[in-house]
Amino acid sequence: MLSEQLGLLGISLLANGLSAMAGGGAGLLQLPVLLFLGLSFSSALATHKIASVALGIGATLRHLKEGNLDLRFCGFILISGLPGVVVGGLTILHLPESLTIFSLGILTTSLGIYSIFKHQLGLVCSPRHRDLNGLLIGGSVLFLIGILNGSLTSGTGLFVTLWLVRWFGLDYKSSVAYVLILVGLFWNGSGAITVALQQPPHWSWLPPLIIGAIIGAYGGAHLALKKGNQWVKRAFECLTIVVGIKLISDGFWLWQSGLSLN
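Structure below.
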C-alpha cells in the first residue's frame, strides 16, 4: 500500500536524521514501528539492521566532504569492533531479551546524564590514549560494544560516540563522524549480514526504509556539522536519555509479559 510505504519513509527520515545528529539511536523509532506493523521480532530485527546500513551511506556521503578522518584510527575501530558485532549477531536470536534490554536502558540513560554533568566534555578535540595500553583498553571496550551492536537494536552507536569522546579525547562532532561511517556502514553491515543469514528480512519494506535512511542521515549529518559541538552534545544527551527510557520500558514490558505467560 502507498500509505504504508510513505509511512515507513517518514519514520526512516525522522529516525535516521536524529541518529545522524547525535551519533546513534535510529532503532528507537524504526524497530518498534516494524513490530507494530506486524513483523515478528526476528524479521523486524533483520529488516531494521539491513535498512540501518543506509544510515552509514548517507552519513558517509556528507562527512567525507570534510576530509577530517584519520584512516589508521578508522582501521583500529573496525578491527576492534567487527568481531564483536559478528558474535552478537550470532547469539541475539537465541537469548532472552528482557534483562539485557532493561540493563542497556539503564546504561544508555547514564551516558546522557554523565555528559550533562561534564560540561566541557567533547567540546574540544584533545587526542589521548594512543599508546599501546590505551589502544588495548580502548579496543577491548569497542569489542564489547560491538557485541551489543550485533545483538541489540537501539543505542549502541551512542555508546561508541561517548567512548571515543571520553577515552580517546575526540570532540563530539568528530566522534559522531567516525560512528556514523564506521558503525553505521561497516558494523551495521556485518550485523545485517549475520542476522539476515539466520532470518530473512521483509524485503518489500526495505526500499522506503533505505531511501529515508540515506536522505535523513545526510541531512542530519549536515546539520550537525553546521551547528558545532555544543549543539551535537545537547542532541546526544537528549537522545541517550530518551533511548534509555524507551529501552527500560521495553525491558520491563517484556519481563512482565514473560511473567504473565508463566
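FYI, in the numbering used here the residues of the sequence shown are 599 to 860. We put the CB at the ideal spot given by N, CA and C, even for glycine.
Inter-residue spacing [alpha-carbon to alpha-carbon] between residue i and residue j
| i | j | result |
| --- | --- | --- |
| residue 643 | residue 747 | 12 angstroms |
| residue 813 | residue 622 | 16 angstroms |
| residue 792 | residue 688 | 7 angstroms |
| residue 785 | residue 620 | 17 angstroms |
| residue 702 | residue 851 | 14 angstroms |
| residue 816 | residue 855 | 38 angstroms |
| residue 677 | residue 738 | 11 angstroms |
| residue 755 | residue 729 | 24 angstroms |
| residue 666 | residue 674 | 16 angstroms |
| residue 607 | residue 810 | 5 angstroms |
| residue 599 | residue 731 | 55 angstroms |
| residue 664 | residue 658 | 10 angstroms |
| residue 603 | residue 635 | 12 angstroms |
| residue 839 | residue 707 | 4 angstroms |
| residue 740 | residue 601 | 40 angstroms |
| residue 768 | residue 757 | 14 angstroms |
| residue 685 | residue 830 | 31 angstroms |
| residue 823 | residue 834 | 14 angstroms |
| residue 672 | residue 844 | 31 angstroms |
| residue 733 | residue 761 | 12 angstroms |
| residue 629 | residue 670 | 33 angstroms |
| residue 787 | residue 717 | 34 angstroms |
| residue 617 | residue 837 | 8 angstroms |
| residue 605 | residue 668 | 38 angstroms |
Bounding residues of the alpha helix (DSSP H) (the contiguous stretch that carries residue i)
| i | result |
| --- | --- |
| residue 628 | 625-634 |
| residue 664 | Segment: none, residue 664 is in no alpha helix (DSSP H) and carries neither H nor E. |
| residue 672 | 669-689 |
| residue 779 | No alpha helix (DSSP H) contains residue 779, which DSSP labels as neither H nor E. |
| residue 784 | Where residue 784 is concerned, there is no enclosing alpha helix (DSSP H), given that its DSSP letter is neither H nor E. |
| residue 818 | 804-825 |
| residue 758 | 754-764 |
| residue 599 | Per DSSP, residue 599 belongs to no alpha helix (DSSP H) and is neither H nor E. |
Own chain, CB closer than 6 angstroms to residue i, minus 5 neighbours either side, in chain order
| i | result |
| --- | --- |
| residue 765 | 727, 736 |
| residue 790 | 647, 648, 651 |
| residue 614 | 624, 653, 811, 814, 815 |
| residue 744 | 679, 682, 683 |
| residue 848 | 699 |
Neighbourhood of residue i by C-beta, 7 angstroms cutoff - its chain only, sequence neighbours within 5 removed
| i | result |
| --- | --- |
| residue 661 | 775, 778, 779, 819 |
| residue 742 | 682 |
| residue 772 | 666, 723 |
| residue 783 | 651, 654, 655, 658 |
| residue 611 | 810, 813, 814 |
| residue 827 | 720, 721, 769, 770, 771 |
| residue 821 | 619 |
Chain C within 8 angstroms of residue i, Cβ atoms only
| i | result |
| --- | --- |
| residue 754 | Chain labels in this structure do not include chain C; a single protein chain is all it has. |
Cβ-based neighbour list, residue i, same chain, cut-off 8 angstroms, excluding 5 preceding and 5 following
| i | result |
| --- | --- |
| residue 645 | 632, 637, 799, 800, 803, 804, 807 |
Practice task
Could you say if the segment 721-734 and the segment 704-713 meet the contact criterion of at least three C-beta pairs nearer than 8 angstroms?
Solution key: Using a C-beta cut-off of 8 angstroms, the segment 721-734 makes no contact with the segment 704-713, since fewer than three inter-stretch Cβ pairs fall below that distance.
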